[in-house]
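In the numbering used here, the protein residues as written are 15 to 219.
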């Protein structure tokens with residue numbers, strides 16, 4: 015019994031110091047040092063990065079939407095909105111690049127992967143999800159009016175941005191959530207099948 019005393023005594027300060035070390039590590043988690051803008055589709059992310067870094071959330075969301083249209087193909091870029099069936103063809107690297115930029119400059123608050131986490135936590139129930147990310151308001155849970163009623167701030171609800179589909183249905187949003195860049199439990203073919211089962215084209219940006 016006596017032999018354990020010194021060991022136990024030393025363990026306490028050591029254990030107490032661990033949380034402080036964790037805090038030190040977390041400070042630099044969202045640094046953009048070493049962040050390289052990459053695209054398999056030849057897309058330029060520098061303006062999105064600039065607006066996000068400056069905290070211009072609404073301008074960043076506008077550029078994000080433009081980039082998503084560009085990534086979805088010429089037709090989407092021309093019409094300025096994306097059919098949910100076009101999402102699956104966007105390269106994984108580019109979907110992850112969009113997400114990484116939002117994550118980095120919002121310090122983990124915004125981005126597709128954050129929205130997916132909240133969506134899954136809500137068991138994919140849209141009403142619960144929209145409430146959680148603060149896309150609805152009031153007793154009737156009415157959709158916020160775009161763009162003036164959305165919150166273009168650094169401390170809005172987790173997953174509040176990017177807006178993605180401006181609330182015009184859920185198919186486009188589900189297609190993003192099921193994209194292989196974020197749904198690592200399914201193969202690309204399965205994800206594509208999941209988002210094309212319903213062939214209605216009514217869900218777009």
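Cβ atoms here follow ideal geometry from the backbone N, Cα and C, with glycine treated the same way.
The structure presented is a predicted model; accordingly, all values stated were derived computationally and were not measured.
With distances taken from CA atoms, which of 58, 138, 85, 116 is nearest residue 68?
The residue labelled residue 68 in the question sits at position 54 within the chain shown. That would be 116, whose Cα lies nearest to the Cα of residue 68.
Assuming residue 198 is part of the alpha helix (DSSP H), what are its boundary residues?
Within the chain shown, the letter at position 184 stands for residue 198. Run containing residue 198: none; DSSP gives neither H nor E here.
Let me confirm a value: residue 21 is counted as buried when at least 16 other C-beta atoms fall within 10 Å, else exposed. Which label applies?
For the purposes of this step, residue 21 is taken as the residue at position 7 of the chain shown. Note that residue 21 has pLDDT 48, beneath the 50 cutoff, so the model's placement of it is unreliable and the number below is only indicative. By the neighbour-count rule (16 or more Cβ atoms within 10 Å), residue 21 is not buried but exposed.
Hey, residue 194 and residue 84: beta-carbon distance below 8 Å or not?
Within the chain shown, numbered from 1, the residue matching residue 194 stands at position 180. Within the chain shown, numbered from 1, the residue matching residue 84 stands at position 70. No.
With burial defined as no fewer than 16 other Cβ atoms inside 10 Å of the residue's Cβ, what is the status of residue 111: buried or exposed?
On the chain shown, residue 111 is found 97 positions in, with the first residue counted as 1. Buried, because 16 or more other Cβ atoms sit within 10 Å of the Cβ of residue 111.
Thinking just about the alpha-carbon of each residue, which of 186, 43, 58 is nearest to the one in residue 126?
To locate residue 126, count along the chain shown from 1; it is residue 112. Comparing Cα-Cα distances from residue 126 to each of 186, 43, 58, the minimum goes to 186.
Output needed for residue 109: all residues of its chain with C-beta closer than 6 Å, excluding positions within five of it in sequence on either side, in chain order.
Here residue 109 is taken as the residue at index 95 of the chain shown, counted from 1. Closer than 6 Å at Cβ, skipping near neighbours: 193, 195.
Leaving out five residues before and five after residue 77 in sequence, what residues of the same chain have Cβ atoms less than 8 Å from its Cβ?
Here residue 77 corresponds to residue number 63 of the chain shown, with the count starting at 1. Within the same chain, residue 77 has close Cβ partners 61, 62, 65.
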